[in-house]
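There are 2 protein chains.
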Amino acid sequence: MTGWVAVAGLGPGDDALITPQAQSALAEATDVVGYGPYVARVAPRPGLVLHPSDNRVELERAAHALDMAAAGRRVVVVSSGDPGVFAMAAALFEALETRADADALDIRILPGITAMLAAAARAGAPLGHDFAAINLSDNLKPFAEVERRLRHAARGGFAMAFYNPRSKARPHQFARVLEILREDCTPDRLVIFARAVSTPDEALRTVTLAEATPEMADMRTVVIVGSEATRRVGRWVYTPRSVP
Amino acid sequence: MTGWVAVAGLGPGDDALITPQAQSALAEATDVVGYGPYVARVAPRPGLVLHPSDNRVELERAAHALDMAAAGRRVVVVSSGDPGVFAMAAALFEALETRADADALDIRILPGITAMLAAAARAGAPLGHDFAAINLSDNLKPFAEVERRLRHAARGGFAMAFYNPRSKARPHQFARVLEILREDCTPDRLVIFARAVSTPDEALRTVTLAEATPEMADMRTVVIVGSEATRRVGRWVYTPRSVP
Chain A
1110 MTGWVAVAGL
1120 GPGDDALITP
1130 QAQSALAEAT
1140 DVVGYGPYVA
1150 RVAPRPGLVL
1160 HPSDNRVELE
1170 RAAHALDMAA
1180 AGRRVVVVSS
1190 GDPGVFAMAA
1200 ALFEALETRA
1210 DADALDIRIL
1220 PGITAMLAAA
1230 ARAGAPLGHD
1240 FAAINLSDNL
1250 KPFAEVERRL
1260 RHAARGGFAM
1270 AFYNPRSKAR
1280 PHQFARVLEI
1290 LREDCTPDRL
1300 VIFARAVSTP
1310 DEALRTVTLA
1320 EATPEMADMR
1330 TVVIVGSEAT
1340 RRVGRWVYTP
1350 RSVP
Chain B
1110 MTGWVAVAGL
1120 GPGDDALITP
1130 QAQSALAEAT
1140 DVVGYGPYVA
1150 RVAPRPGLVL
1160 HPSDNRVELE
1170 RAAHALDMAA
1180 AGRRVVVVSS
1190 GDPGVFAMAA
1200 ALFEALETRA
1210 DADALDIRIL
1220 PGITAMLAAA
1230 ARAGAPLGHD
1240 FAAINLSDNL
1250 KPFAEVERRL
1260 RHAARGGFAM
1270 AFYNPRSKAR
1280 PHQFARVLEI
1290 LREDCTPDRL
1300 VIFARAVSTP
1310 DEALRTVTLA
1320 EATPEMADMR
1330 TVVIVGSEAT
1340 RRVGRWVYTP
1350 RSVP
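Residue numbers (my numbering), protein chains in the order written: chain A, 1110 to 1353; chain B, 1110 to 1353.
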């Protein structure tokens, strides 16, 4: 038996946004590994072993998946969104660094609909021109690095998409992010708070930077900040393709 | 009959990367509008009218789709990748600006797997930390604006994904992009040239910035430039999740 590990993105929540490629991998799998709520999205069936785990054990989870693949199992590591965007693919390669069989293992990364693309689609097309994706969590990087990226994204004229804007452990940080943005952007800059897009809990709210408050974001929110060109048409928000 | 227009992303090329949501819209459509090669990806069937058009007529195409939806047709505008990333969604909203019925029309944007995510998945996880997406075409913006964004992305520590790196009309421009990057990045920076990912013409090549040449990109290539943290493990390229 030849084992493999596929790191698959399940998209933002709606099963209609899971690619057939990811579904095929799940159909062939012997084992599914991932954060509990994501593993819960996979339908149980005979012959499939589900391995839900806690948050913040990404490296252990990745090592477990690689071990099982090396032992001949067919393993899918599930991420929400796209596995390559602030998700499990990077953790898998970090775990791979410690192994002598790195190039002998059959590894596949299966892309998915990442949260910012689902959020942008619901809002209109706010990422229709150049944009930057920034993880606001300071679990794995100093906040000074977050600030550096925010300032360059703002001064470079990019729209921005923020992942992990706010958590219980860092309640004041997103307030600081809004302060930084206000130093480099005008008060009429459009800000979209997109919560749990494509799930029953979906909520979408567009305000100006002047109106934005930290409470508008929680752990299930992606925040999109328009560029200076981003505008409204009817109920939609979009960034024109051309720069004059 | 109630008309609607959906702008759907067909992903990078492989039908296994088209979401069920996009397939459902195509199954319900009376009309499919888009650039010829993308419309050609939709299977003909009785009752479905295909409207292929040339490149660079995005606004006319969008206006045509809106007109048909207003007249009661069920219209899918097809894009490759994700319609919200350098594709048809922004053009649709630009066309919507000229209409009095903007909020009366039933419009849906259906996200897709954009080229940079498919390319990143094939390479490993080079976009596993903060990154910027930049359209290098100067059709719709001055090259000075491209240069401004490149410099801020480099100085902000972002990985980068470039769309439309090179065309026949602008053969020298990508050479200038590489020159700009060399001013702000060290020669060992990893650069991935990902051509036509998920199609039979797929080709993937990873070099250092010192080794990169303009001829490595063509119109079907997405270029991913790693951050300073981006590294190799075995045959893979990835950006670690943590910044020390």
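Cβ coordinates follow ideal geometry from the N, Cα and C atoms, glycine included.
Thinking residue i and residue j are a contact (beta carbons under 8 Å), I'd like their distance in whole angstroms, please.
i: residue 1194/B; j: residue 1223/B; result: 4 Å
i: residue 1147/A; j: residue 1164/A; result: Between residue 1164/A and residue 1147/A the Cβ distance is about 10 Å, and since that is not below 8 Å, they are no contact.
i: residue 1399/A; j: residue 1239/B; result: Given that chain A is displayed from residue 1110 to residue 1353, the structure contains no residue 1399/A and the question cannot be resolved.
i: residue 1298/A; j: residue 1237/A; result: No, residue 1298/A and residue 1237/A are not in contact; Cβ-Cβ is about 16 Å, not under 8 Å.
i: residue 1342/A; j: residue 1205/B; result: 5 Å
i: residue 1199/B; j: residue 1111/A; result: At roughly 45 Å, the Cβ-Cβ gap does not stay under 8 Å, so residue 1199/B and residue 1111/A are not in contact.
i: residue 1339/B; j: residue 1235/B; result: 6 Å
i: residue 1120/B; j: residue 1221/B; result: 5 Å
i: residue 1276/A; j: residue 1122/A; result: Incorrect: roughly 19 Å between the Cβ atoms, too far for contact.
i: residue 1323/B; j: residue 1287/B; result: 7 Å
In terms of alpha-carbon separation, which member of the options lies closest to residue i?
i: residue 1178/B; options: 1282/B, 1190/B, 1114/B; result: 1114/B
i: residue 1305/A; options: 1336/A, 1331/A, 1275/A; result: 1331/A
i: residue 1249/A; options: 1151/A, 1166/A, 1150/A, 1218/A; result: 1166/A
i: residue 1230/A; options: 1343/B, 1297/B, 1118/B, 1112/B; result: 1118/B
i: residue 1151/A; options: 1186/A, 1214/A, 1295/A, 1338/A; result: 1186/A
i: residue 1267/B; options: 1220/B, 1258/B, 1275/B, 1274/B; result: 1258/B
i: residue 1182/A; options: 1209/A, 1215/A, 1169/A; result: 1215/A
i: residue 1162/A; options: 1176/A, 1130/A, 1141/A, 1211/A; result: 1141/A
i: residue 1313/B; options: 1281/B, 1290/B, 1203/B, 1346/B; result: 1346/B
i: residue 1350/A; options: 1286/B, 1196/B, 1158/B, 1153/B; result: 1196/B
i: residue 1317/B; options: 1333/B, 1168/B, 1207/B, 1352/B; result: 1333/B
i: residue 1289/B; options: 1264/B, 1207/B, 1310/B; result: 1264/B
i: residue 1227/A; options: 1201/A, 1311/A, 1175/A, 1296/A; result: 1311/A
i: residue 1303/A; options: 1325/A, 1284/A, 1189/A; result: 1325/A
i: residue 1293/A; options: 1261/A, 1136/A, 1281/A; result: 1261/A
i: residue 1173/B; options: 1241/B, 1353/B, 1202/B; result: 1202/B
i: residue 1135/B; options: 1121/B, 1123/B, 1122/B, 1156/B; result: 1156/B
i: residue 1139/A; options: 1128/A, 1153/A, 1192/A; result: 1153/A
i: residue 1270/B; options: 1241/A, 1271/A, 1270/A, 1272/A; result: 1241/A
i: residue 1184/B; options: 1344/B, 1291/B, 1283/B, 1137/B; result: 1137/B
i: residue 1278/B; options: 1328/B, 1300/B, 1296/B; result: 1328/B
i: residue 1213/B; options: 1190/B, 1251/B, 1315/B, 1176/B; result: 1176/B
i: residue 1126/B; options: 1320/A, 1149/A, 1116/A, 1131/A; result: 1131/A
i: residue 1128/A; options: 1207/B, 1190/B, 1309/B, 1252/B; result: 1190/B
i: residue 1207/B; options: 1171/B, 1284/B, 1225/B, 1188/B; result: 1171/B
i: residue 1285/A; options: 1315/A, 1301/A, 1321/A; result: 1321/A
i: residue 1116/A; options: 1188/A, 1210/A, 1352/A, 1300/A; result: 1188/A
i: residue 1225/A; options: 1211/B, 1209/B, 1253/B, 1192/B; result: 1192/B
Please compile the residues from chain A whose C-beta is within a distance smaller than 8 Å of the C-beta of residue i.
i: residue 1170/B; result: The premise fails here: residue 1170/B is roughly 13 Å from chain A at the closest Cβ pair, so nothing lies under 8 Å.
i: residue 1091/B; result: For chain B, the structure presents residues 1110 to 1353; residue 1091/B sits outside this window and is missing.
i: residue 1113/B; result: In chain order: nothing, as chain A lies at least about 14 Å away.
i: residue 1347/B; result: 1198, 1199, 1202, 1203
i: residue 1254/B; result: 1266, 1352
i: residue 1234/B; result: 1192, 1193, 1198, 1199, 1201, 1202, 1218
i: residue 1133/B; result: 1125
i: residue 1313/B; result: Within chain A, no residue comes near residue 1313/B; the closest Cβ sits about 12 Å away, beyond 8 Å.
i: residue 1299/B; result: The contacting residues do not exist; residue 1299/B stays about 13 Å from chain A at best.
i: residue 1160/B; result: By Cβ distance, chain A contributes nothing, its closest Cβ being about 21 Å from residue 1160/B, past 8 Å.
i: residue 1157/B; result: Per Cβ cutoff of 8 Å: no residues; residue 1157/B is ~21 Å from chain A at best.
Can you pull the chain B residues whose beta carbon is under 8 Å from the beta carbon of residue i, in chain order?
i: residue 1239/A; result: 1241, 1242, 1243, 1244, 1258
i: residue 1128/A; result: 1120, 1125, 1126, 1127, 1128, 1222
i: residue 1136/A; result: Within 8 Å Cβ-Cβ: nothing; residue 1136/A doesn't reach chain B, min ~12 Å.
Which residues does DSSP list as the beta-bridge partners of residue i?
i: residue 1270/B; result: 1242/B, 1333/B
i: residue 1117/B; result: 1187/B, 1219/B
i: residue 1111/A; result: None, per the DSSP bridge assignment.
i: residue 1237/B; result: Answer by DSSP bridge pairing: none, since residue 1237/B is not bridged.
i: residue 1302/B; result: 1314/B, 1332/B
i: residue 1276/A; result: 1279/A
i: residue 1346/A; result: 1233/A, 1341/A
Would you mind telling me which residues of chain B sit closer than 9 Å to residue i, beta carbon to beta carbon, in chain order?
i: residue 1229/A; result: 1191, 1193, 1194, 1198, 1218, 1220
i: residue 1119/A; result: Near residue 1119/A there are no residues of chain B at all, since even the closest Cβ is about 12 Å away, more than 9 Å.
Closer than 7 Å by beta-carbon distance: list the chain A residues that pair up with residue i, in chain order.
i: residue 1342/B; result: 1202, 1205, 1206, 1211
i: residue 1173/B; result: Those within 7 Å of residue 1173/B in chain A number zero; the least Cβ separation is about 17 Å.
i: residue 1281/B; result: Within chain A, no residue comes near residue 1281/B; the closest Cβ sits about 20 Å away, beyond 7 Å.
So which residues on chain A does residue i lean against when the C-beta distance must stay under 9 Å?
i: residue 1149/B; result: Chain A residues near residue 1149/B: none, gap ~20 Å exceeds 9 Å.
i: residue 1318/B; result: In chain order: nothing, as chain A lies at least about 19 Å away.
- [ ] Pick out the complete alpha helix (DSSP H) segments inside the segment 1139-1186 of chain B, 4 residues or longer, and give them in chain order.
- [x] Within the segment 1139-1186 of chain B, the complete alpha helix (DSSP H) runs of at least 4 residues are 1145-1148, 1167-1179.
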